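Notes follow once the structure below has been shown.
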Amino acid sequence: MKGILGFVFATCWGFSLLADDTYFVHLKAYNVDERSGLAEYIHIDEIIEDDVYTTVNAHDLALLEAFHWDKIVEAYPLAVDGEAPGFSNEYDFPAKDDDYHNYDEVLRVIDDLVEEYPHIVESFSLGTTVEGRMIPLIRITHRDNRPMNFFVPGILFIGSHHAREHLSTEVPLLLAQHLADSYDSDPTIRKLIETRDIYIAPVLNIDGKLYDIKGKKYKRWRKNRAVIEHSKARGVDLNRNYSYGWGTGGSSKNPGSDVYMGPKPFSEPETEAIKNFIETAPHIRILLSYHTYGELILYPWGGSKNNIGGRDQKIFEKMAWDMSQWNGYTPMKSSDLYIASGDTCDWAYGVHQIYCFTFELSPRGRFFGGGFYPGEKIIDAVFRENIGPALYLMDYSDDPSRILSNGI
Ligand code: 0X9
Ligand code: ZN
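The sequence shown maps to residues 2 to 409 in the working numbering.
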C-alpha cells in the first residue's frame, strides 16, 4: 500500500497524497462506538463533542477515505514545522523549543543526578531500542534500600511511548530532578525517597523521538522506528503492542497505520524492556504512563467497554479524582475516550494487578494550545501541576486500597 502511496495518490480534496506527508483531518463521530470505529484505522488526537480531529499519514487518510468518507468534514496537508530554510541532520529541537531535552541531554541530566546524589540516585539500562539506543531507567531510593528490596513499595513512571509527545519526556525527567533536589529540604519528599523504590524511565521511544526532531523539523511521528518485513512502512505503535487483549480492537494489523499493533505482542524491544523490568520487580504496585495531549487521567479498561468493577474500580476512580484536584485534568475510563487494545495500562493491571494510569498532559487542545507541539513556555507549569499527582501515587504505592478507608 505504502509503495503505491510512495508515488502519488489522488484524493477528493483537491490535493495528492504523498507517503511521508501528514494531513489534518476533521471528522464527525457522534458517540464512543463511532469513535472506536475510527480508532480501528487512525489515532484520534482530539475530541470536542461530536467533532474529532486527527493528524494522519497518507496511508491512514486513504483508508479513512475508503471506509469513513461520510464522516470526513475536511482534510488538508500540514506543513512541516520547524526551522527553514537550511538542512541539518542534527537530532535536536528547533531553536524555539530549545528547552526540550534531546536524547543526549536526557542522558546528561541523568548522569549529573547520579554524580550529585549518589546516595539516592542510580541509573540503569532498561534495554535497547530498535536502532540500538540505550533506554535509561532512573532509580531514586535511599541507599539503605539497595540492593533491590522487594519489601519497599515500588512505583514506575514512563515517558514518551509516542514520538511526537515530547512533553511526556520532560515531565518525568523534571520529576527525577525535583525529587533529588528536594531530598534535603522537603521532609515529605525525603520520607518518600526513604520508604519507596521510585523508578523513572523518561523516554521509551527514543528512536521515534529523534526521528520526529531530526533536522530540527517536527514530523508528527508517533510510532517507534521498527523496520517491517515486506513493507516500506516503518514503526509499531508501542501503546498497541502490549499483550493483554492485544489486537482486539482500536488497533491495526496494517504496518502503514499509525496504530499498527506489531506482528505479535511485545514484538518491539521497547515494550519488551518494560515487560522484562516489571517481571523482575514484583514490588511495583503503581505505574503512571505520560502521554500528550488532552488533559485527561485515564484508567483501565481501554480495550473493552467493561468496567473493572468491584473494589479496584473504586480505587481507580477515587485515585483519578484525587489527582485531578492538582492538575484539573478530566478523569475517565480509557475506553470512554475510544477503544484501543494493547495499551500499557490494560497489560499492567490485567496481567500484574498494577494500578496503572495514563495521563494525557497539556495542552487541552490543538487550536489554542498547540496540540503535540505546545512550545517550551508550557513545560514548567505542566510539570508543576503534575508534581502533586506523582507524590500522591508514590505515597499510595505501599497499598493503594488505603484510599478506600480514607473517607469513602
Ligand atoms: O491512543 C493512545 O495510545 C493514547 N492517546 S495518545 O493521544 N497519547 O496516543 C490513549 C490511550 C488510552 N487507552 C485507550 N483508549 N485504550
Ligand atoms: Zn501517546
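Note that beta-carbon positions come from the ideal geometry of N, C-alpha and C, so glycine has one too. None of the values given here were measured: they were computed from a predicted structure.
Closest Cα partner of residue i within the set the options
{"i": "Asn-225", "options": "Ala-181, Ile-275, Gly-216 and Leu-211", "result": "Leu-211"}
{"i": "Cys-357", "options": "Ile-380, Tyr-291, Arg-140 and Leu-138", "result": "Tyr-291"}
{"i": "Asp-259", "options": "Glu-116, Ile-275 and Leu-65", "result": "Leu-65"}
{"i": "Gly-310", "options": "Ala-341, Lys-334 and Val-53", "result": "Lys-334"}
{"i": "Glu-386", "options": "Leu-392, Ser-363, Asn-328 and Gly-304", "result": "Asn-328"}
{"i": "His-27", "options": "Ile-48, Glu-47, Glu-75 and His-69", "result": "Glu-75"}
{"i": "Phe-25", "options": "Ile-141, Tyr-245, Leu-205 and Arg-221", "result": "Arg-221"}
{"i": "Gly-303", "options": "Asn-32, Thr-359, Ile-275 and Ile-316", "result": "Thr-359"}
{"i": "His-167", "options": "Asn-58, Asp-187, Asp-98 and Tyr-118", "result": "Asp-98"}
{"i": "Thr-1", "options": "Thr-196, Arg-286, Gly-372 and Ser-126", "result": "No information on residue 1 is available, as it lies outside the stretch 2 to 409 that the chain covers here."}
{"i": "Pro-332", "options": "Leu-62, Leu-362, Tyr-350 and Asp-347", "result": "Leu-362"}
{"i": "Ile-201", "options": "Ser-169, Arg-223 and Val-228", "result": "Ser-169"}
{"i": "Ser-161", "options": "Pro-148, Tyr-104 and Asp-182", "result": "Tyr-104"}
{"i": "Val-33", "options": "Arg-223, Asp-347, Phe-368 and Glu-47", "result": "Glu-47"}
{"i": "Ile-139", "options": "Asn-146, Ser-126 and Pro-148", "result": "Ser-126"}
For residue j and residue i, the rounded distance between their alpha carbons
{"i": "Pro-39", "j": "Asp-337", "result": "Looking at the sequence shown, residue 39 is not Pro but Leu. Cα to Cα, the separation comes out at about 14 angstroms."}
{"i": "Asp-344", "j": "Pro-390", "result": "21 angstroms"}
{"i": "Arg-365", "j": "Asp-213", "result": "21 angstroms"}
{"i": "Ser-37", "j": "Val-122", "result": "42 angstroms"}
{"i": "Asp-400", "j": "Lys-254", "result": "38 angstroms"}
{"i": "Asp-208", "j": "Gly-133", "result": "9 angstroms"}
{"i": "Gln-354", "j": "Gly-370", "result": "35 angstroms"}
{"i": "Lys-233", "j": "Arg-241", "result": "20 angstroms"}
{"i": "Met-324", "j": "Ile-156", "result": "16 angstroms"}
{"i": "Gln-326", "j": "His-231", "result": "49 angstroms"}
{"i": "Gln-314", "j": "Val-81", "result": "43 angstroms"}
{"i": "Leu-176", "j": "Ile-388", "result": "7 angstroms"}
{"i": "Asp-423", "j": "Glu-35", "result": "The first residue shown for the chain is 2 and the last is 409, placing residue 423 beyond what the model contains."}
{"i": "Tyr-300", "j": "Ile-229", "result": "31 angstroms"}
{"i": "Glu-269", "j": "Ile-275", "result": "10 angstroms"}
The ligand ZN heavy atom lying under 7 angstroms from the CB of residue i
{"i": "Glu-106", "result": "no"}
{"i": "Asn-255", "result": "no"}
{"i": "Asn-240", "result": "yes"}
{"i": "His-162", "result": "yes"}
{"i": "His-292", "result": "yes"}
Three-state class that DSSP yields for residue i in the structure shown
{"i": "Asn-277", "result": "helix"}
{"i": "Tyr-184", "result": "coil"}
{"i": "Ala-80", "result": "coil"}
{"i": "Arg-312", "result": "helix"}
{"i": "Ile-409", "result": "Residue confidence for Ile-409 is low, a pLDDT of 45 falling below 50, so the modelled location carries little weight and cannot support an answer."}
{"i": "Asn-255", "result": "coil"}
{"i": "Met-262", "result": "coil"}
{"i": "Asp-52", "result": "strand"}
{"i": "Ala-40", "result": "helix"}
{"i": "Ala-341", "result": "coil"}
{"i": "Gly-450", "result": "The chain is shown from 2 up to 409; residue 450 falls before or after that span and cannot be answered."}
{"i": "Thr-249", "result": "coil"}
{"i": "Arg-147", "result": "coil"}
{"i": "Tyr-92", "result": "strand"}
{"i": "Gly-160", "result": "strand"}
{"i": "Gly-301", "result": "The sequence shown places Pro at residue 301, not Gly. Correct three-state label for Pro-301: coil."}
{"i": "Asn-242", "result": "coil"}
{"i": "Arg-367", "result": "coil"}
{"i": "Phe-358", "result": "strand"}
{"i": "Tyr-291", "result": "strand"}
Residue i CB to nearest heavy atom of the ligand FAD below 7 angstroms
{"i": "His-167", "result": "What this structure holds is the ligand 0X9 and the ligand ZN, not the ligand FAD."}
Residue i: CB within 7 angstroms of a non-hydrogen atom of the ligand 0X9
{"i": "Glu-296", "result": "no"}
{"i": "Leu-299", "result": "yes"}
{"i": "Ala-67", "result": "no"}
{"i": "Ser-344", "result": "Residue identity differs from the one stated: residue 344 is Asp in this sequence, not Ser. For the ligand 0X9, at least one heavy atom lies less than 7 angstroms from the Cβ of Asp-344."}
{"i": "Gly-303", "result": "yes"}
Inside the stretch 116 to 143 only - beta strand (DSSP E) runs reaching at least 3 residues:
Here the runs fully enclosed are 122 to 129 and 135 to 141.
Counting only runs that start and end within the stretch 192 to 231, where is the beta strand (DSSP E) found for 3 or more residues in a row?
Within the stretch 192 to 231, the complete beta strand (DSSP E) segments of 3 residues or longer fall at 198 to 202, listed in chain order.
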